[in-house]
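Residue numbers (our numbering): 2 to 495.
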């Protein structure tokens, strides 16, 4: 009864910071304008069946789990922003686990959840990253009992594989060291029953990995697939550059990150040499290092790094500190761990809090505003076209009965399928000919136009098609995602 009472008191104590956390993020969700990546997952859930979603992942380069979680929200008629609320829900679960069960001092936990590690980037911007913290924290809490709670531990790793391709490296390392430890324990104890019980859990990550391979089979047909052959020296140089970019993105320290790296490794040096008096490196440190270098490699040759992606590195570090805290009972080491978390939190606050304020004060995307303008002012049977289908797709969840045509593919614009076919470019003459052939009755065309570096432009010479026409709608000010739109009404005569 005493244990239950203490847990109830703990829950009651943490209700206040959790409530504040929820309120802050709800306010940010209300003012946040979802952009094309958030629209993409919603449109995929709207247009495809679960089996088709799994097949589509070879073009998207992600596991299907997050899309399948959004699927029922879309099909049951929930509003567009419900995907953001779902992200917040998963992050609230992660915050609850962190506050209730992490071994860190209370002040460290409170500071942590109100830093950009937890705030805004995962609960507000709806992407699959929101699944990662709660799963990692559950793995950390289960880690000491991984050889007895094999099914739960294996299931959590299996789920981690399905969150994001960035977490594959850590999942593989968790499984690899699990196997090594199981073999070592068997050689020491000769306990066959315990040895074979490990495979009840190990079987689940294996199935999850096979399922991931099925989802990503045929990835060569994706427009994202650009394999690179690099020498070892060039590979190391690219990784070095990416590491600098990563540290500058979330900490603002650029090439001076040596001080941060030195601080981190001194902490573990104290652990391995002073406390344990061993020359062996803790398994958790090997998992952290391997997981981070896997991510650096992915950033260098697969994905462009972003704040949301890079924050996963911080959660990997938190996982390692959590695991080592339980294993090493030393007040000095615990103080060092706490200082690492506070250091990370404060550095990220200084660097990333302005981004949160920027979203609060400015447009993240102008897709909602231009879609509302089209709903009010453009006839439903009008011909709407675009020169940038990824950015224009962000309008679709807001449009009532309007459709946008993609003149490059000749089809109605829907979710963006990143296949090789979409790399085709047409010129202004081909655009005019396409309109004349397919819509000869139209005497006016509405063009959703973007002219920014970050948006793909599949129309060569679109300015000639626009001619001297002036936009009837134009985004005011700047947008964080470069989704600033011009809407032109262009008269055509055949």
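From the three backbone atoms N, C-alpha and C, an ideal C-beta is built for every residue, glycine too.
Whose C-alpha, out of the options, is nearest the C-alpha of residue i?
i: residue 73; options: 412, 319 and 46; result: 46
i: residue 12; options: 107, 187 and 387; result: 107
i: residue 1; options: 472, 394 and 358; result: Outside the shown range of the chain, which is 2 to 495, sits residue 1, and nothing can be said about it.
i: residue 465; options: 167, 428 and 251; result: 428
i: residue 452; options: 474, 445 and 486; result: 486
i: residue 96; options: 16, 34, 343 and 307; result: 16
i: residue 60; options: 75, 70, 71 and 42; result: 42
i: residue 75; options: 103, 93, 183 and 40; result: 40
i: residue 101; options: 159, 14 and 166; result: 14
i: residue 154; options: 469, 180, 303 and 165; result: 180
i: residue 94; options: 136, 439, 128 and 340; result: 136
i: residue 302; options: 241, 252, 441 and 290; result: 241
i: residue 380; options: 445, 290 and 27; result: 445
i: residue 127; options: 244, 92, 156 and 484; result: 92
i: residue 287; options: 146, 419, 178 and 374; result: 178
i: residue 300; options: 354, 159 and 245; result: 245
i: residue 436; options: 424, 409, 426 and 462; result: 409
i: residue 285; options: 328, 243 and 430; result: 328
i: residue 63; options: 441, 38 and 442; result: 38
i: residue 21; options: 111, 84 and 58; result: 111
i: residue 442; options: 383, 289 and 243; result: 383
i: residue 125; options: 208, 28 and 188; result: 28
i: residue 314; options: 283, 289 and 467; result: 289
i: residue 373; options: 476, 318 and 57; result: 476
i: residue 440; options: 412, 84 and 252; result: 412
i: residue 318; options: 336, 332 and 291; result: 291
i: residue 335; options: 109, 70, 186 and 71; result: 109
Just checking my contact of residue i with residue j at CB under 8 Å: how many whole Å lie between their CB atoms?
i: residue 309; j: residue 130; result: 5 Å
i: residue 368; j: residue 399; result: 7 Å
i: residue 25; j: residue 86; result: Not a contact, Cβ separation roughly 14 Å.
i: residue 414; j: residue 403; result: Wrong, their Cβ atoms sit about 10 Å apart, outside the cutoff.
i: residue 206; j: residue 239; result: Not quite, the Cβ-Cβ distance comes to about 30 Å (not below 8 Å), so this is no contact.
i: residue 316; j: residue 134; result: 5 Å
i: residue 388; j: residue 494; result: Their Cβ separation, rounded to whole angstroms, is 21 Å, which puts residue 388 and residue 494 out of contact at 8 Å.
i: residue 148; j: residue 199; result: 7 Å
i: residue 484; j: residue 351; result: Contact flag wrong, Cβ pair sits at about 27 Å.
i: residue 397; j: residue 77; result: Rounded, the Cβ-Cβ distance is 19 Å, inconsistent with contact.
i: residue 183; j: residue 204; result: Actually they are not in contact, since the Cβ atoms of residue 183 and residue 204 sit about 13 Å apart, beyond 8 Å.
Inspect the beta-carbon positions of residue i and residue j and report whether they are closer than 7 Å.
i: residue 90; j: residue 152; result: no
i: residue 162; j: residue 210; result: yes
i: residue 216; j: residue 65; result: yes
i: residue 122; j: residue 312; result: yes
i: residue 338; j: residue 320; result: no
i: residue 117; j: residue 349; result: yes
i: residue 250; j: residue 364; result: no
i: residue 103; j: residue 323; result: yes
i: residue 306; j: residue 247; result: yes
i: residue 469; j: residue 113; result: no
i: residue 405; j: residue 474; result: no
i: residue 54; j: residue 68; result: yes
i: residue 472; j: residue 447; result: no
i: residue 19; j: residue 361; result: no
i: residue 376; j: residue 356; result: no
Using the rule of at least 16 other Cβ atoms within 10 Å of the residue's Cβ for burial, across every protein chain shown, is residue i buried or exposed?
i: residue 497; result: The structure shown does not extend to residue 497, since the chain is modelled only from 2 to 495, so the question has no answer here.
i: residue 492; result: exposed
i: residue 138; result: buried
i: residue 416; result: buried
i: residue 390; result: buried
i: residue 213; result: buried
i: residue 99; result: buried
i: residue 501; result: Residue 501 falls outside the range modelled here, since the chain spans only 2 to 495, and no answer is possible.
i: residue 340; result: exposed
i: residue 419; result: buried
i: residue 438; result: exposed
i: residue 456; result: Residue placement at residue 456 cannot be trusted, given a pLDDT of 47 that sits under 50; what the coordinates show is reported in the next sentence. Classification for residue 456: buried.
i: residue 194; result: exposed
i: residue 478; result: exposed
i: residue 218; result: exposed
i: residue 454; result: Below a pLDDT of 50, predicted positions are generally treated as unreliable, and residue 454, at 48, falls in that range; no measurement from the model is reported.
i: residue 2; result: The pLDDT assigned to residue 2 is 48, lower than 50, so where the model puts this residue is not dependable; a value taken from the coordinates is nonetheless given after this. Classification for residue 2: exposed.
i: residue 132; result: buried
i: residue 188; result: exposed
i: residue 160; result: buried
i: residue 57; result: buried
Closer than 6 Å to a non-hydrogen atom of the ligand FAD - does that hold for the CB of residue i?
i: residue 252; result: Inclusion of the ligand FAD in the displayed structure is not the case, the ligand content being empty and no account of it being possible.
At the 7 Å Cβ level, is residue i part of the contact set with chain C, yes or no?
i: residue 177; result: The structure shown contains no chain C; it holds only a single protein chain.
**Q.** Cβ contact (3+ pairs, closer than 8 Å) linking the stretch 43-57 and the stretch 131-143
**A.** no
Q. Looking at C-beta atoms only, is the number of pairs between the stretch 158-173 and the stretch 286-306 that lie closer than 8 Å three or more?
A. yes
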